[in-house]
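Student: Take the sequence shown: its position 133, counted from the start at 1, is 132 in numbering that gives the first Met the number 0, and no numbers get skipped.
Every residue, glycine too, gets a C-beta built ideally from N, C-alpha and C.
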Amino acid sequence: MTPEPPLAFRPARSGDEQFLRSLFATVWERALALADWPDETKEAVLRQQFEAQHDGYRSAHPEADHELILVDGEPVGRLYVRREAEVIGLMDISLLPAWRNRGLGSRLIRDLLAEAREGGQRVELYVEKWNPDARRLYLRLGFADREDIGTHWMMEWRPDESPHVKKDS
0 MTPEPPLAFR
10 PARSGDEQFL
20 RSLFATVWER
30 ALALADWPDE
40 TKEAVLRQQF
50 EAQHDGYRSA
60 HPEADHELIL
70 VDGEPVGRLY
80 VRREAEVIGL
90 MDISLLPAWR
100 NRGLGSRLIR
110 DLLAEAREGG
120 QRVELYVEKW
130 NPDARRLYLR
140 LGFADREDIG
150 THWMMEWRPD
160 ESPHVKKDS
């Protein structure tokens with residue numbers, strides 16, 4: 000078994016915008032593939048969606064941690080988390096394709112769940128309906144669907160409903 004890489008985090012800065020745009024594009028690849036649009040339209044939608052999400056996260060939750068995930072000093076993803084007295088909001092977790100399906104996302108979420116368990120907090124997140132792989136991961140880690148909000152599922156993890164964090168198969 001390959002050892003887990005050591006992780007580091009640092010706040011996202013304005014100089015990281017190109018990395019964040021590229022990362023965002025890899026996440027939205029699946030959704031845009033479903034659309035029968037010309038490439039120029041897809042690129043315009045991608046730019047608009049990035050700006051809306053980026054600006055929305057910053058304005059709605061300026062107190063949140065907007066961090067890059069680093070391996071050997073190089074960015075491999077982003078982790079945006081807001082922490083409140085009763086809830087930890089997993090706003091976004093995104094990894095570059097080369098780092099997906101290697102257990103890194105599960106590891107990061109388990110660390111967040113351990114923090115929440117220790118603090119007696121629940122963890123909530125929203126997952127796009129076009130991203131069934133992420134939803135399966137969250138279900139495997141003990142999250143439950145709480146609300147169908149059209150394009151997304153609102154999911155929640157509660158320490159009292161999750162006596163243990165499920166291990167990856």
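1) Give every residue of the same chain whose Cβ lies closer than 7 Å to the Cβ of R157, excluding the five residues on either side of it in the sequence, and list them in chain order.
2) I'd like to check one pair, I108 with L140: are the Cβ atoms closer than 8 Å?
3) Under a Cβ-count criterion, where at least 16 other Cβ atoms within 10 Å of its own Cβ denotes burial, should L33 be classed as buried or exposed?
4) Could you spell out the range, first to last residue, of the alpha helix (DSSP H) harbouring E28?
5) Say whether the stretch 81-90 touches the stretch 21-32, bearing in mind that this needs 3 or more beta-carbon pairs closer than 8 Å, one atom from each stretch.
6) Whole alpha helix (DSSP H) runs in the stretch 107-148 with 4 or more residues, listed along the chain?
7) Label A11 either buried or exposed according to how many other C-beta atoms from any shown protein chain fall within 10 Å of its C-beta, with 16 as the threshold for buried.
8) Output the boundary residues of the beta strand (DSSP E) element that contains E73.
9) Could you give the DSSP three-state label for G88: helix, strand or coil?
10) What is the DSSP secondary structure of P10, counted as helix, strand or coil?
11) In whole angstroms, give me the CA-to-CA distance for D38 and E114.
12) Just the Cα atoms here: how many angstroms apart are V75 and V126?
13) What do you get for E16, buried or exposed, if any count of 16 or more other CB atoms within 10 angstroms of its CB means buried?
14) Figure out for me which residue from G119, E62, E117 has the closest Cα to the Cα of M90.
15) What does DSSP give as the partner residues of H60 in its beta bridges?
Tutor: Looking at the coordinates:
1) As a first step, residue 157 must be located in the sequence shown, where it is residue number 158. The residues are R121.
2) Here residue 140 refers to the residue found at position 141 when the sequence shown is read from its first residue. Here residue 108 refers to the residue found at position 109 when the sequence shown is read from its first residue. Against a cut-off of 8 Å, the Cβ pair of I108 and L140 comes out as a contact.
3) Taking the first residue of the sequence shown as position 1, residue 33 is located at position 34. Exposed.
4) For the purposes of this step, residue 28 is taken as the residue at position 29 of the sequence shown. Residues 16-32.
5) no
6) 131-139
7) As a position in the sequence shown, residue 11 is number 12, starting the count at 1. A11 is buried by the Cβ-count criterion.
8) Working through the sequence shown from its first residue, we reach residue 73 at position 74. Segment 73-82, the beta strand (DSSP E) holding E73.
9) In the sequence shown, counting from the first residue as 1, residue 88 sits at position 89. Strand.
10) As a position in the sequence shown, residue 10 is number 11, starting the count at 1. Here P10 sits in strand by DSSP.
11) By one-based count along the sequence shown, residue 38 stands at place 39. By one-based count along the sequence shown, residue 114 stands at place 115. C-alpha separation (whole angstroms): 42 Å.
12) Translated into the one-based positions of the sequence shown, residue 75 becomes position 76. Translated into the one-based positions of the sequence shown, residue 126 becomes position 127. Taking the straight line from one Cα to the other gives about 20 Å.
13) As a working note, residue 16 is residue 17 in the sequence shown. By the 10 Å Cβ count, E16 comes out exposed.
14) If you number the sequence shown from 1, residue 90 lands on position 91. The shortest C-alpha separation from M90 is found at E62.
15) Residue 60 sits at position 61 when you count from the first residue of the sequence shown. Note: H60 sits in no beta bridge, so no partner.
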